Amino acid sequence: MDGVVDGDLIVAGGEVRVSGEVTQDVRIAGGTVTLNGKIHRNATIAGGDVHLTDSSHLKGSAVIGAGNLLLGGSIDGDVRIGAGNVTLSKTIGGDLAVAAPAIRLTSRASVGKSVRYWSENEPSIDEGATVLGAVTQHPIPEIFTGEEARRGVAGIKLVGGMVSFASTLLLGLLLLRIYPVFTEKAVTTIQERPWITLGVGGAVLVGTPPVAFLCMATVLGIPLGLMLGAMYVVTLYLGRVFVMVWLGQRLLKRASDSSSAAKAFVTGLVVYFILSLLPLVGGLITMLTVITGLGAILITKKELVVKLRNEQAV
Numbered sequence: 004m005d006g007v008v009d010g011d012l013i014v015a016g017g018e019v020r021v022s023g024e025v026t027q028d029v030r031i032a033g034g035t036v037t038l039n040g041k042i043h044r045n046a047t048i049a050g051g052d053v054h055l056t057d058s059s060h061l062k063g064s065a066v067i068g069a070g071n072l073l074l075g076g077s078i079d080g081d082v083r084i085g086a087g088n089v090t091l092s093k094t095i096g097g098d099l100a101v102a103a104p105a106i107r108l109t110s111r112a113s114v115g116k117s118v119r120y121w122s123e124n125e126p127s128i129d130e131g132a133t134v135l136g137a138v139t140q141h142p143i144p145e146i147f148t149g150e151e152a153r154r155g156v157a158g159i160k161l162v163g164g165m166v167s168f169a170s171t172l173l174l175g176l177l178l179l180r181i182y183p184v185f186t187e188k189a190v191t192t193i194q195e196r197p198w199i200t201l202g203v204g205g206a207v208l209v210g211t212p213p214v215a216f217l218c219m220a221t222v223l224g225i226p227l228g229l230m231l232g233a234m235y236v237v238t239l240y241l242g243r244v245f246v247m248v249w250l251g252q253r254l255l256k257r258a259s260d261s262s263s264a265a266k267a268f269v270t271g272l273v274v275y276f277i278l279s280l281l282p283l284v285g286g287l288i289t290m291l292t293v294i295t296g297l298g299a300i301l302i303t304k305k306e307l308v309v310k311l312r313n314e315q316a317v
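For the sequence shown, my numbering assigns the number 4 to the initial residue and increments by one for each residue that follows.
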């Protein structure tokens, strides 16, 4: 991005470079982020590799999350950093708070107030670097250790599983109530064309995220990318319901009227959650369920739209 942005700048992409002037706040997310311009207010930056060049100047404060951070530009306000490696080689006017395993202040670095850091290692401060306030180390908090950690993880999994089961149950019953025809057609699609359904679901599962990220590579495409991502996540979650109904019907061998569909769904839901807990095949079963449900929704929706168009309803 070159030139002047009169207002806030929000940008995301694989590689982001800001070389112009922004009169308000900046929010950037990317794989590689390079800031080479002048920001009149605050900045929030997240990326794998983040570089604020020597010619960059931030008049406000900054919050930065990165794998590797090279802070070579000047920042007038406070700076908050969470990163893997941090190198500071210019001026920070306010406080510096940083959590990182490796922290270095080069001979050109200057911090106008205090430095607080969370790390097991002492920061490397070159001769000539200046810190006008105190340099304080804070311990990295340890919430769980040993057996406590295992019990905590098990408890979180149990609660998460119960919440997921209850939410899926309510959502599924609601779908059966509101969209009985769509549910019946989606289940029929799974029954009659399982391999096509699986193939379509797999292709969309793999292909949608790159398309969404490509849309978000431009400012104008960000709303479209966010909308596509949201629809993608919702469809993945909803699709499981139709697979559960199909599974329950196969187990119960019942017709798909509204009452038996609900009973089939509950049966399929219970069996699915039990199978998903199996150590070796649980992940595979979950993945196949998500892919099949995604394919069933897309195929059924397409066929319904085509039918309505042929009937001149849309």
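For glycine and all other residues, C-beta sits at the position ideal for the given N, C-alpha and C. Treat the numbers as computed from the prediction; the structure is a model and nothing was measured.
- The beta carbons of S122 and A100 sit no closer together than 9 Å.
- Just measuring C-alpha positions, the residue of T94, A105 and S117 sitting nearest R111 is T94.
- Under DSSP, E24 shares a beta bridge with V7 and K41.
- Burial state of L177 is exposed, judged by a 10 Å Cβ sphere holding fewer than 16 other Cβ atoms.
- When DSSP states are grouped into helix, strand and coil, I143 belongs to the coil group.
- One thing to note: V25 has its Cβ within 9 Å of the Cβ of V7.
- For T109, the secondary structure class from DSSP, reduced to helix, strand or coil, is coil.
- In the assembly as shown, G242 is a buried residue. Its beta-carbon has 16 or more other beta-carbons within 10 Å.
- With respect to Y275, I288 sits close: the two C-beta atoms are nearer than 9 Å.
- Boundaries of the beta strand (DSSP E) harbouring V82: V82 to L91, taken from the DSSP string.
- F245 sits close to V190, with the two beta carbons spaced by under 9 Å.
- Going by DSSP, A220 is part of no beta strand (DSSP E) at all; its letter is neither H nor E.
- Y240 sits in a helix when the DSSP states are folded into three classes.
- Counting along the chain, A100 sits inside the beta strand (DSSP E) bounded by residues L99 to A102.
- If you check the CB distance, D57 and G75 come in under 9 Å.
- When the Cα atoms are used, T109 and P142 turn out to be separated by approximately 24 Å.
- Around the beta carbon of G296, 16 or more other beta carbons sit within 10 angstroms, so the residue counts as buried.
- No residue range can be given for V284, since it is assigned to no beta strand (DSSP E) and is classified by DSSP as neither H nor E.
- Contact check for S64 and G80: beta-carbon distance about 3 Å, within the 8 Å limit, so the pair qualifies.
- The beta carbon of N124 lies closer than 7 Å to those of P104 and A105 in the same chain, with the five residues before and after it left out.
- Listed in chain order, the beta strand (DSSP E) elements of length 3 or more contained wholly in the region 158–202 amount to none.
- For G63, no beta strand (DSSP E) segment is defined, and its DSSP state is neither H nor E.
- The beta carbon of F216 is closer than 6 Å to none in its chain, skipping five residues each way along the sequence.
- Nearest neighbour of V214 by Cα position, chosen from S279, G228, K266 and G202, turns out to be G228.
- Judged by their CB atoms, A46 and R30 are nearer to each other than the 9 Å cut-off.
- Contact between the region 185–204 and the region 303–314 is present: three or more C-beta pairs spanning the two stretches fall below 8 Å.
- In the same chain as K256, and ignoring 5 residues on each side of it, no C-beta atom comes closer than 8 Å to its own.
- Under the 10 Å beta carbon count, T221 is surrounded by fewer than 16 other beta carbons and is classified as exposed.
- Your pair G271 and M247 checks out as a contact, with CB atoms roughly 3 Å apart and the cut at 8 Å.
- For the set R107, L135 and I48, the Cα lying nearest the Cα of K116 is the one of L135.
- The C-beta of V184 has fewer than 16 other C-beta atoms within 10 Å across all chains shown, which makes the residue exposed.
- Look at L135 here: in three-state DSSP terms it is coil, with no helix or strand label.
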